[in-house]
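What follows is one structure encoded as structure tokens, with my remarks underneath.
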Amino acid sequence: MEFLKENVREDGDTLNRFCDALQNGDAENVEKIFTEYLRKTISIRDTAVRTDMKENFYHGVLLGILGVKDRWGISSNREIGEGYGDILVEPGSGNMGIIIEIKYAHDGNLDAACKKALRQIAHTRYEDDLYDDGIENVLKYGIACYKKRCKALLLVEK
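What follows is the structure in structure tokens.
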């Protein structure tokens, strides 16, 4: 994990682009940059963990990346709404929250795994606690991973 954090620290520009994409609801660039991180920092052997632990591996990688960002509040597996959100980000701005649910695409179908993550966010109402705390803008990401690939989708509410 230290190798990952050092790699992220050394390339502050990429970290800033990634965090800007997260805050701006730019799922396409979140996906692109997170995939770049996966390709640069992990080995396929790193992903060879028990099936029930694969999500935890990618969860840890994303936490490692976000943990380098100064002044961002990051929570992992925090009880919110009617469940436990994988990653909750409060980017220092005061009225924004970012909910990230991670899934491992066991069959390589990243799109289906992303949609499953977004359904979980909607079903468990993770955003309720944030709205109760006065946060007005909540972005909800489903991120699916498979080997060194990922897909990110943003839940857009009407």
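Position 150 of the sequence shown, counting from 1, maps to 546 under my numbering, and the rest follow consecutively.
C-beta atoms are modelled at their ideal positions from N, C-alpha and C, and glycine is treated no differently.
Contact check, residue i vs residue j, beta carbons under 9 angstroms
i	j	result
Ile539	Glu486	no
Tyr500	Lys450	yes
Ile476	Leu526	yes
Lys543	Ile440	yes
Glu478	Arg521	yes
Cys541	Tyr433	no
Leu411	Ile494	no
His502	Thr443	no
Tyr537	Ala518	no
Distance between residue j and residue i (C-alpha atoms, nearest Å)
i	j	result
Glu582	Phe430	Residue coverage of the chain in this structure runs from 397 to 554, which leaves residue 582 outside it and unanswerable.
Ile483	Lys436	22 angstroms
Asn505	Asp528	35 angstroms
Met492	Val445	34 angstroms
Glu532	Gly463	23 angstroms
Lys465	Ser471	13 angstroms
Asp409	Gly530	31 angstroms
Gly469	Val426	18 angstroms
Arg467	Gly488	6 angstroms
Glu406	Val457	16 angstroms
Leu459	Asn452	10 angstroms
Glu523	Gly490	15 angstroms
Lys428	Asp416	13 angstroms
Ile438	Glu402	13 angstroms
Residue i - containing alpha helix (DSSP H), residue span
i	result
Ala509	Leu506 to Thr520
Val426	Ala423 to Thr437
Tyr523	Checking the sequence, you will find Glu at residue 523 rather than Tyr. Where Glu523 is concerned, the enclosing alpha helix (DSSP H) stretches over Glu523 to Asp528.
Val457	Lys450 to Leu462
C-beta neighbour in chain D for residue i, strict 9 angstroms
i	result
Cys541	Of the protein chains in this structure there is only one, and it is not chain D.
Endpoints, beta strand (DSSP E) assigned at residue i
i	result
Arg474	Gly469 to Ile476
Asp482	Gly479 to Glu486
Asn412	Premise fails: Asn412 lies in the alpha helix (DSSP H), Gly408 to Gln419, not in any beta strand (DSSP E).
Asn533	Asn533 to Tyr542
Sequence-distant residues of its chain with Cβ nearer than 6 angstroms to residue i (five each side left out)
i	result
Gly421	Leu535 and Leu550
Ala509	Lys499, Ala501 and Ala540
Sequence-distant residues of its chain with Cβ nearer than 7 angstroms to residue i (five each side left out)
i	result
Tyr480	Asn473 and Arg474
Asp394	Since the first residue shown for the chain is 397 and the last is 554, residue 394 is missing from the structure and cannot be characterised.
Gln516	Glu497
Proximal residues to residue i (C-beta, below 8 angstroms), its chain only, five neighbours per side dropped
i	result
Lys511	Gly538 and Leu549
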